[in-house]
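From first to last, the protein sequence lines are chains A and B.
Numbering-wise (my numbering), the first sequence opens with residue 123 and increments by one.
Numbering-wise (my numbering), the second sequence opens with residue 98 and increments by one.
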Amino acid sequence: MARNTEGNVYTVLFAIAMVVVVGSLLAFTASYLKPTITQNMKTEKQQNILFAMGVNEATVSGDQEDAGEFVSTDKASEEFSKYITKQYYIEGSEAIEDDQAYLIDIKKEADKAKSGSYTRKLPLFVGEKDGKKFYIVPMRGVGLWDAIWGYIALNEDLQTVKGAYFDHKAETPGLGANITEAYFRDDFQGESIFAEGEFKGITVAKGNNDPTNNDKNDNEVDAIAGATITGDGVTAMIKKDLAMYLPYFNTLKK
Amino acid sequence: MAEVAEQEKVVKAPSEPLFSKKNRKLVTDPLTDNNPITIQVLGICSALAITAQLKASIVMTLAVFFVMGVGNVVISLMRNIIPSKIRIIVQLIVVASLVIIVDQVLKAYSYALSKELAVFIGLIITNCIIMGRFEAFALGNGIWKSFLDGIGNAAGYGLILIIVGFFRELLGSGTLLGFPVLGNPVEKTGLYALGYENNGFMLLSPMALIIVGILIWVQRTKNPALVED
């Protein structure tokens, strides 16, 4: 071939052309797909919130075998407005109603709050199912590799857990990633976050030795073997994020 | 750019049949005597990281199939115009862009699947087999041969991944693809009633290395020609 592919000029031109081609290809893909992806994420949030308070595919289909699955994507929005009766965000000591509160990015809020002068908006969702009222709190923390997050639904007494849902960005498959599994999250059901009137959160404990979580008052659930740091992350996330809601919860209890 | 290379390729197209013996060897060799993991010792990092479950191994295998097949073809198309000084960077860009596009498309059209794949998609880029095959094969060979080589190496990689995943999940969690096959460890049914316990050590990365080591041992015992001095 006649072309000299070794020259510096050619190399630089090739690099520039490559960057332009690849850059525009990726930019085009990203902007073309963005609306669909954003919609998917919204739907997922709704599914997660509903799931934490015990509204799942089984609630819609009536078949108990579907209990481990989210409300299907096409019904998520409809079910969300049916079961989630109120959405608030708490700013300081005020609770402000906002039907888009579930879209508040709690990571961004946490980052802004680090600067000190900013008062964090804390989203809180109130759900109602079978005549019972639940308070659902979003949480976010860190696992071993990257972010972990979840939703925890409290019963109306604001002391015991109705249900929880956890997810993660990049925990180890088979180990830390198992926090999304039913056997882990179901342990939280009924667990108390208080001990003798004092806020304790829920500890993911290695020495708990209570795989089916019969003791609901020890503020502990069984850890996953081989996922100590992810488990500690869940513990810290629950303790830290729930604690921020306590002042508001205290006003509700009165 | 790609079109130019394609035209040149057509002119020089070899006249051998598509599935000649030599071409078939490109696919079958990496499965056995030139396996990327057990012989070339490439791709060990992902083999350790994701083989705690069989399902994860299978998913990773499929993802690598795609990236290896397409990536090898793209590099082969451009092989005559890539300046050799920056060829590694070009290879990296090709893998990275492919992976990002796959990730975005999955997120838009198959969100549930993309959530399951989240970790693996990123890990594909770090897979040395991909860069290794781009560098060693696709840069010097035609499109069809490169495609076969990519598929072959992905299959060889996947084979080991699935074998390791099978043993780690079975012995570590007592399940296969998530189904309990040895009974229930909490309620002590099946094998567990006899006092069998899951080996938690199998879930940790070092065990993957030990299983790969055993595979290498078995392979070299069966074929002494592979043993180096």
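By construction, the Cβ of each residue, glycine as well, lies at the ideal position given by its N, Cα and C atoms.
- Close partners of Ile138(A) in chain B (Cβ separation under 8 Å) are lacking, with about 11 Å as the shortest Cβ gap.
- Ile138(A) counts as exposed, since fewer than 16 other C-beta atoms from the protein chains shown sit within 10 angstroms of its C-beta.
- From the listed residues Lys156(A), Phe306(A), Tyr305(A) and Glu342(A), the smallest Cα separation to Ile198(B) is found for Lys156(A).
- Contact residues of the segment 294–308 of chain B toward chain A are Gly297, Leu300 and Leu301 (C-beta to C-beta distance below 8 Å).
- For Gln209(A), the enclosing beta strand (DSSP E) covers residues Ile206 to Glu213.
- Secondary structure in the segment 297–369 of chain A: the alpha helix (DSSP H) runs of 4 residues or longer, each lying completely within the stretch, are 304–307 in chain order.
- Shortest Cα-Cα distance from Asn296(B) to any of Leu267(B), Asn281(B) and Leu323(B) involves Leu267(B).
- Annotated three-state conformation of Glu216(A) is strand, per DSSP.
- At a cut-off of 9 Å between C-beta atoms, Tyr132(A) counts as an interface residue with respect to chain B.
- For Gly353(A), there are no neighbours in chain B by C-beta distance under 8 Å, as the nearest C-beta there is about 14 Å away.
- In this chain, the alpha helix (DSSP H) harbouring Gly168(B) covers Leu151 to Met175.
- Classified as buried, Arg230(B) has 16 or more neighbouring CB atoms from the shown chains inside 10 Å of its CB.
- Taking one beta carbon from each stretch, the segment 244–263 of chain B and the segment 199–212 of chain B have fewer than 3 pairs nearer than 8 Å; the two do not touch.
- Exclusion of the five residues before and after Leu374(A) leaves Leu280 as the residues of its chain whose Cβ lies within less than 7 Å of its Cβ.
- When the beta-carbon positions are compared, Val309(B) and Val261(B) come within less than 9 Å of each other.
- One thing to note: Ala223(A) has its Cβ within 9 Å of the Cβ of Tyr210(A).
- Within the segment 187–199 of chain B, Val187, Ile190, Val191, Ala193, Ser194, Ile197 and Ile198 place their CB atoms closer than 9 Å to a CB of chain A, listed in sequence order.
- Here Arg265(B) really is in contact with Leu300(B); their C-beta atoms are around 7 Å apart, less than 8 Å.
- Against Pro180(B), the close residues of chain A are Thr127, Glu128, Tyr132, Thr133 and Phe136, in the order they occur along the chain (beta-carbon pairs closer than 7 Å).
- What Val283(B) touches in chain A, judged by beta-carbon distance under 9 Å, is Tyr305, Pro333 and Thr334, going in chain order.
- The C-beta of Met261(A) has 16 or more other C-beta atoms within 10 Å across all chains shown, which makes the residue buried.
- Burial check for Trp314(B): the Cβ neighbour count within 10 Å stays below 16, so the residue is exposed.
- For Glu250(A), DSSP records a beta bridge to Lys255(A).
- For Ala233(B), the enclosing alpha helix (DSSP H) covers residues Cys225 to Ala233.
- For Tyr254(B), the nearest beta carbon of chain A is not closer than 9 Å to its own beta carbon.
- For a Cβ distance threshold of 8 Å, residue set Pro295 and Gly296 of chain A lies close to Ala153(B), ordered along the chain.
- Taking a Cβ-Cβ cut-off of 7 Å, Thr181(A) has no neighbours in chain B, whose nearest Cβ is about 19 Å from it.
- Taking the CA atoms as reference points, Val170(B) sits about 19 Å from Thr223(B).
- Collapsing the DSSP output to three states places Met163(A) in a helix.
- Listed in chain order, the non-local C-beta contacts of Val248(A) below 8 Å within the same chain comprise Ile206, Thr207, Lys208, Gln209, Tyr210, Lys255, Phe256, Tyr257 and Ile258, local neighbours out to five positions each way being set aside.
- The count of Cβ pairs closer than 8 Å, one atom from the segment 165–175 of chain A and one from the segment 221–241 of chain A, reaches three, so the stretches are in contact.
- Residues of chain B with a Cβ closer than 7 Å to the Cβ of Thr151(A) are, in chain order, Ile198 and Gln201.
- Excluding five sequence positions before and after Arg307(A), the CB atoms of its chain that fall closer than 7 Å to its own CB belong to Ala286, Tyr287 and Phe288, given in chain order.
- Distance from the CA atom of Gly348(A) to the CA atom of Lys328(A), rounded to whole angstroms, is 10 Å.
- Under the three-state reduction of DSSP output, Ile260(B) falls in the helix class.
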